[in-house]
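Residue numbers (this note's numbering), protein chains in the order written: chain A, 1426 to 1557; chain B, 1426 to 1557; chain C, 159 to 259; chain D, 159 to 259; chain E, 5 to 123; chain F, 5 to 123.
What follows is the structure in structure tokens.
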């Protein structure tokens, strides 16, 4: 029976394996026709939304793979705005607000508050946290 | 007796306490007239060099504090270039090289290779790692 | 209904698996992932507790990708290998998922 | 000459302190920092090993900032409080610094 | 059956996990969601009185914990064996409206919630 | 007295510590620095044969470990009690030119180096 899932990603693309596990899990979710209500990037997970991550060419580019997955399956991918700002991830709106010289949020992701995590969890059948 | 120190910072400003401990240690080092041969930012420590980190206004801004410390005491602050690129930290040179839309390395820091860690350690009296 | 417990830390280094096993109810399942896979080794510091739960009928799984990546050979008898598809199935057949990390 | 060992993980969760104490030589010192400060508590899982090393003359320190931040009250007898200035002095009076994390 | 249980297993200042968990609980409260908080393992250190986080350049987490009641969050559970292993007693905690749970009661708690957020 | 000892205490794939340590050792080798590598605690998992890291989307760390000899890095030490606790034997390691050390020998090793890089 297809179910609605909320997936919480807490690990950075580098320095923890958990973002990679989360992405593999999400691929298997859609393979089995489950629905992704939302992917919520929290804590160090916000680094998956950086457009500047540049691993060596012969290695997996996890932020690029997340972006492709999100766009291919039209998933709602929300990055916790408070966690992101603390870690140097921002979009052009926040760039203007804080008068910074650059923005680095990939287009596949949007910044929003923790309410988006709670709302997704409340309307999902399953919630799973990928901790780091 | 004043000594030459190499300090290795492995923790991000958010999500670990170790960058904070490292900075307090460096302040105490200069208080006691020791010399900082080099501070080397490695692993998640590279995030201390992000100019986009924006914590809430009533909280400590650790990357800003690092920048101030480095400039005030004219310390050589090197960010491991391979670790930085994997984590989405780059200067304008790397931005051009990889055709990215932004750069986010603070001016107080420079990107370089692991040789800078080895050379500093080899010519220091003490090396200390702040792990995360 | 029951809970799926995932553990991603090695019990040689971290207490997550020990805590998890202590709070695993009858009918719950445990899935070892990432460095948690070391917990499935015959040398596991939690071997006794794992064997005891297996004997009570608790299903203990380990993610095959993590076992193969790490070259782990000797796993405790009764621990089942699964893949990411199996991980999703486990998550759908248990009501809650508690991640120990 | 000797080694200064720093430990920044809680022994209630992580094996770093246990490993460190096992490899601490006579003349070495141990400094507990960050969550390592919990290891100085009277309830420390490594209390026995710490007391034994203290009795052999090993100096065990804990960073006072970390103790106060965490509200730790009951520390093991013989463990000495120090501050960041003391941390620097310890690093200069020992030849090597090994960080357990 | 209640909706969301937040499980918080980490000490307050080394990582952001403890603070992240409290922020999630507060957000649930603000959305009038039925949420419970379980403090277990290193998470029980969050309850210690007389924390003074400015000593490590941070804000006191125990204050945020005490603010939960103001936001109508009343289901705060503490794993009693985790307290006992750390020689912490109910009297030494910064909150008194907590429910101490045995291992058995903690297992039952997991069965009373529909979703878990793990920290 | 030798100059730099790199202490590597973490398993290969969950974090970047193990890889970061090897890169530092290789850099020291490239600069003709006298460097030793000590694998201890979870770090001994790096030596397991038949690792197949592409299963988790990574490159095999054991190959990098085997490359150390090519770069003239010969002082590779392994804490034997860490091996024994994991039921690993010398025969089951992907490197054979390692020196197994007891606790006592490991303590002595720390005294033989001037600087430590800790991972």
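Note that the Cβ used here is the ideal one computed from N, Cα and C, for glycine as well.
{"Check": "Where the region 1444-1477 of chain B meets chain E: residues whose CB sits under 7 Å from a CB there", "Outcome": "1445"}
{"Check": "Exposure of residue 228 of chain D, with buried meaning 16 or more beta-carbon neighbours within 10 Å", "Outcome": "buried"}
{"Check": "Beta-carbon proximity check, residue 1462 of chain B vs residue 1549 of chain B, cutoff 9 Å", "Outcome": "yes"}
{"Check": "From E/77, E/18, E/58, E/74, residue whose alpha carbon lies closest to that of residue 47 of chain E", "Outcome": "E/18"}
{"Check": "Residue from F/34, F/44, F/14, F/16 with nearest C-alpha to residue 84 of chain F", "Outcome": "F/44"}
{"Check": "First and last residue of the uninterrupted alpha helix (DSSP H) at residue 225 of chain D", "Outcome": "222-228"}
{"Check": "Residues in the region 40-54 of chain F having any Cβ partner in chain C nearer than 8 Å", "Outcome": "45, 46, 49, 52, 53, 54"}
{"Check": "Short CB-CB distance (under 9 Å) between residue 83 of chain F and chain B", "Outcome": "no"}
{"Check": "Whole alpha helix (DSSP H) elements within the region 41-89 of chain E, 4-residue minimum", "Outcome": "65-71, 84-89"}
{"Check": "Identity of the residue in E/81, E/123, E/25 nearest residue 68 of chain E by Cα", "Outcome": "E/25"}
{"Check": "Helix, strand or coil at residue 1462 of chain B [DSSP, three-state]", "Outcome": "strand"}
{"Check": "Environment of residue 1426 of chain A [buried if 16+ CB atoms lie within 10 Å]", "Outcome": "exposed"}
{"Check": "Cβ distance (whole Å) where residue 197 of chain D is taken to contact residue 225 of chain D below 8 Å", "Outcome": "With 8 Å as the limit, residue 197 of chain D and residue 225 of chain D do not qualify as a contact, their Cβ atoms being about 11 Å apart."}
{"Check": "Residue 1539 of chain A vs residue 1516 of chain A beta-carbon contact at 9 Å", "Outcome": "no"}
{"Check": "Distance CB(residue 64 of chain E)-CB(residue 73 of chain E) smaller than 9 Å", "Outcome": "no"}
{"Check": "Environment of residue 177 of chain D [buried if 16+ CB atoms lie within 10 Å]", "Outcome": "buried"}
{"Check": "Within the region 166-211 of chain D, ranges of the beta strand (DSSP E) (whole runs, at least 3 residues)", "Outcome": "187-190"}
{"Check": "Per-residue contacts from residue 1539 of chain A into chain E (C-beta, under 7 Å)", "Outcome": "27, 28, 31"}
{"Check": "Inter-residue Cα distance where the pair is residue 53 of chain E and residue 99 of chain E", "Outcome": "9 Å"}
{"Check": "Where the beta strand (DSSP E) through residue 255 of chain C begins and ends", "Outcome": "254-258"}
{"Check": "Exposed unless 16 or more other CB atoms sit within 10 angstroms - verdict on residue 106 of chain E", "Outcome": "exposed"}
{"Check": "Residue 1435 of chain B versus residue 1468 of chain B - alpha carbon distance", "Outcome": "5 Å"}
{"Check": "Classification of residue 32 of chain F by the beta-carbon crowding that lies within 10 angstroms, buried from 16 upward", "Outcome": "buried"}
{"Check": "Which of helix, strand or coil DSSP assigns to residue 163 of chain D", "Outcome": "strand"}
{"Check": "Proximity below 9 Å, CB of residue 1487 of chain B to CB of residue 1529 of chain A", "Outcome": "no"}
{"Check": "Member of E/79, E/91, E/28, E/14 whose CA lies at the smallest distance from the CA of residue 1546 of chain A", "Outcome": "E/28"}
{"Check": "Neighbouring residues, chain D, relative to residue 171 of chain C (Cβ below 7 Å)", "Outcome": "172, 173"}
{"Check": "Which of helix, strand or coil DSSP assigns to residue 8 of chain E", "Outcome": "strand"}
{"Check": "Reduced DSSP secondary structure (H/G/I, E/B, other) of residue 1510 of chain B", "Outcome": "helix"}
{"Check": "Where residue 1553 of chain A falls: helix, strand or coil (DSSP)", "Outcome": "strand"}
{"Check": "Residues near residue 1541 of chain B in its chain [Cβ-Cβ closer than 7 Å; skip 5 each side]", "Outcome": "1463, 1465, 1503"}
{"Check": "Chain B contact for residue 11 of chain E (CB, 9 Å cutoff)", "Outcome": "no"}
{"Check": "Cα-Cα separation between residue 168 of chain C and residue 190 of chain C, rounded to whole angstroms", "Outcome": "9 Å"}
{"Check": "Length of the line joining the Cα atoms of residue 259 of chain D and residue 1520 of chain B", "Outcome": "33 Å"}
{"Check": "Residues in the region 87-113 of chain F having any Cβ partner in chain D nearer than 7 Å", "Outcome": "107, 110, 111"}
{"Check": "Interface flag, residue 1488 of chain B vs chain A, CB-CB below 9 Å", "Outcome": "yes"}
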